[in-house]
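Comments concern the structure below.
Numbering (this note's numbering), first residue to last: 972 to 1598.
This is the structure:
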């Protein structure tokens, strides 16, 4: 047994030393705010070059029309093909906006209502909602991501779709993710499935393929001549090759085309942006009413909306702002392997922009910051006349963790990463990440509602969640208060474990050679070192595998070396942690170096704690290819 453990330990240690983590995305705020269009062009090109972004599609629009539409860089690096305004990019989740526009058109025509029950509209589409009798899933819930459904499960990726895959076929493939985790219409959690169900309903109501309906009612009138949901010959001729870490990506066919399959050029996207700035009209023709655009921008189907919150996620249209100036931008962003996209506009400024980048680094974030700064260059910061912070909000000071997660399987980290800290003065509520970072100084509109200077919109309210009681909603996200000592104690234990992992792996460089040379002989001395180290290697493997799968979720949807390794490591880790704890107890009276024994005891307890933590969140025994 000891000989076998020696071999396993040596192999695991060698494998660990070869592991590497991908570089983090570049994020760097702009230093010089552009004042002229020429300065903006120079600054955008500098970011493109500094971040090694191959190609950028860009459109800048005001109420009079586009005044900068271009392609920058190279559409294909290997062929030295220059990008221009006709270069086509994948636009990812910006595609969802067409779902909302199509539904709103049918609502205007009286063929649909946002309050229609999904069960009656499409009884053949399976979903699970234990509150269906009292709180049915409605069409509006699909569009505002308030169904409570999980994000697509990795197994859904294994459908291996093509442009010929029908919506019904895709929706029938795997239905387990369509389970309401909370009462529909109370909490927001973004997913790619709701838009596909909405699109299927559009097909049923109109008798046309969803893509054909969008083509006839929006793409043609908007003169988006090359835009398509499919990999067309036009796309093949004019596409921007997409890159991840310098490697060209293959065309990623989508399970649910309505949620993210559209391909478009900067020239075409400029027309879509003009449509929003003109409040539903293009080239003198009204495609939708101003009221429909306003409804698209306004969230209604969450708890905070009833309290007066006007920021957040509407009908596939969300709100953001810039630099606490108090101006709201609406729109959507999108991402696919090798591409990042943002379409944002301000009704108040009557201006907007589209940016599409052919890589997944942080260049889009930097460019959107520059665009917002340029559009707001002549706008003063809106004056704030805050009301006195009510006792209700003063009493809400504390640590809050999110109540709704986009990916249920990733809650083990989002519950920590996305937690916020709230504190209050007489005229300000200070909000920041619980683990440190930015600060927002929110102000009272009245006793029950706060606004954020980021957008100037009512954004924060105390709500009553039907499952947990009192909660805090910020924009579309909802949080519950937790004990600060418990939260920071949990964070501290995890950080303590990380330090112990690093220390003990470095220490292993010393004791493993001594073990092999026979200089550490008592069996107990080996066991108390060996099991915690094996636990550490399994834990590190789990996180490396999760990082690999986050970059390409398809790796978990199939039975691959990544998915199988994650499954096996997640099972071995708690067993090794328990074995570690048992071992230190077994040799509690043995003649072992005291410091080594104390180290092993603390280490084993920390590993057991974290194994329980991962078990609680469903990581242990996770089989992405079967769940």
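The beta carbon of each residue, even a glycine, is placed where N, CA and C say it ideally should be.
Quick caveat: nothing in here was measured; it's all calculated off a predicted structure.
{"Query": "Within the same chain, show all residues whose beta-carbon is closer than 6 Å to that of residue 1371, passing over the 5 residues directly before and after it, in chain order.", "Result": "1391, 1443, 1450, 1452"}
{"Query": "Take residue 1496 as the anchor and find which of 1435, 1569, 1546, 1521 has the nearest alpha-carbon.", "Result": "1569"}
{"Query": "For residue 1222, I'd like the list of residues in its chain whose CB is within less than 8 Å of its CB, leaving aside the five on either flank, ordered along the chain.", "Result": "1202"}
{"Query": "Could I get the ranges of all uninterrupted alpha helix (DSSP H) runs contained in the region 1236 to 1293, with 4 residues as the minimum, in chain order?", "Result": "1237 to 1248, 1261 to 1268, 1274 to 1278"}
{"Query": "Which residue from 1197, 1038, 1366, 1404 puts its Cα closest to that of residue 1441?", "Result": "1366"}
{"Query": "Only counting runs of 4 or more residues, tell me where the alpha helix (DSSP H) segments fall wholly within the region 1293 to 1350, in order along the chain.", "Result": "1334 to 1346"}
{"Query": "Between residue 1406 and the rest of its own chain, which residues show a CB-CB distance below 8 Å, the 5 nearest in sequence each way excluded?", "Result": "1387, 1388, 1390, 1462"}
{"Query": "Give the straight-line distance between the Cα atoms of residue 1296 and residue 1426, rounded to the nearest whole angstrom.", "Result": "7 Å"}
{"Query": "If you draw a straight line from the alpha carbon of residue 1530 to that of residue 1009, how long is it in whole angstroms?", "Result": "52 Å"}
{"Query": "Name the DSSP beta bridge partners of residue 1061, please?", "Result": "1234"}
{"Query": "If we count the other Cβ atoms within 10 Å of its Cβ and call it buried at 16 or more, is residue 1035 buried or exposed?", "Result": "exposed"}
{"Query": "Per the DSSP calculation, residue 1171 is bridged to which residue(s)?", "Result": "Paired residues: none, contrary to the question."}
{"Query": "Give a yes or no on whether the C-beta atoms belonging to residue 1171 and residue 1139 are separated by under 9 Å.", "Result": "yes"}
{"Query": "Leaving aside the five residues before and after residue 1350 along the sequence, list all residues of the same chain whose C-beta is less than 8 Å from its C-beta, in chain order.", "Result": "1296, 1298, 1320"}
{"Query": "Going by DSSP in three states, residue 1096 sits in which element: helix, strand or coil?", "Result": "coil"}
{"Query": "Rounding to the nearest angstrom, what Cα-Cα distance links residue 1265 and residue 1069 in this structure?", "Result": "15 Å"}
{"Query": "What number of angstroms, rounded off, separates the C-alpha of residue 1161 from the C-alpha of residue 1598?", "Result": "19 Å"}
{"Query": "Please state if the CB of residue 1519 and the CB of residue 1540 are separated by a distance shorter than 9 Å.", "Result": "no"}
{"Query": "Smallest Cα separation from residue 1579: which of 1209, 1263, 1542?", "Result": "1542"}
{"Query": "What did DSSP end up calling residue 968 once you bin it into helix, strand or coil?", "Result": "Coverage of the chain is limited to positions 972 through 1598, which leaves residue 968 absent and any answer about it impossible."}
{"Query": "Ends of the alpha helix (DSSP H) at residue 1125?", "Result": "1125 to 1128"}
{"Query": "Within the same chain, show all residues whose beta-carbon is closer than 8 Å to that of residue 1435, passing over the 5 residues directly before and after it, in chain order.", "Result": "1274, 1441, 1442"}
{"Query": "Between which two residues does the alpha helix (DSSP H) harbouring residue 1578 extend?", "Result": "1565 to 1587"}
{"Query": "So, with DSSP's three-state summary, where would you put residue 1044?", "Result": "strand"}
{"Query": "Measuring straight from C-alpha to C-alpha, what distance separates residue 1548 and residue 1502?", "Result": "7 Å"}
{"Query": "Evaluate contact between the region 1285 to 1295 and the region 1178 to 1194, counting only Cβ atoms and requiring at least three cross-stretch pairs below 8 Å.", "Result": "no"}
{"Query": "Got a sec? Which residues, its chain only, sit under 6 Å from residue 1082 by beta carbon, not counting five neighbours each side?", "Result": "1176"}
{"Query": "How big is the Cα-Cα spacing for residue 1590 and residue 1385?", "Result": "13 Å"}
{"Query": "Applying the 10 Å Cβ sphere with the 16-neighbour rule, what's the burial state of residue 1091?", "Result": "exposed"}
{"Query": "Buried or exposed: where does residue 1486 fall if 16 or more other Cβ atoms within 10 Å of its Cβ makes it buried?", "Result": "buried"}
{"Query": "Quick one: using the 10 Å Cβ neighbour count with 16 as the cut-off for buried, is residue 1133 buried or exposed?", "Result": "exposed"}
{"Query": "If you compare alpha carbons, which of 1346, 1583, 1506 is closest to residue 1316?", "Result": "1346"}
{"Query": "Return yes when the Cβ of residue 1165 is within less than 9 Å of the Cβ of residue 1213, no when it is not.", "Result": "no"}
{"Query": "From this set, 1564, 1555, 1562, which residue's C-alpha is nearest residue 1572's C-alpha?", "Result": "1555"}
{"Query": "Name the DSSP beta bridge partners of residue 935, please?", "Result": "Residue 935 cannot be examined here, being either before or after the span of the chain that is shown, 972 to 1598."}
{"Query": "When burial is assigned at 16 or more other CB atoms within 10 Å of the CB, is residue 993 buried or exposed?", "Result": "Low confidence applies to residue 993: its pLDDT is 32, below 50, so where it sits in the model is not reliable, and the reading given next is rough at best. It counts as exposed."}
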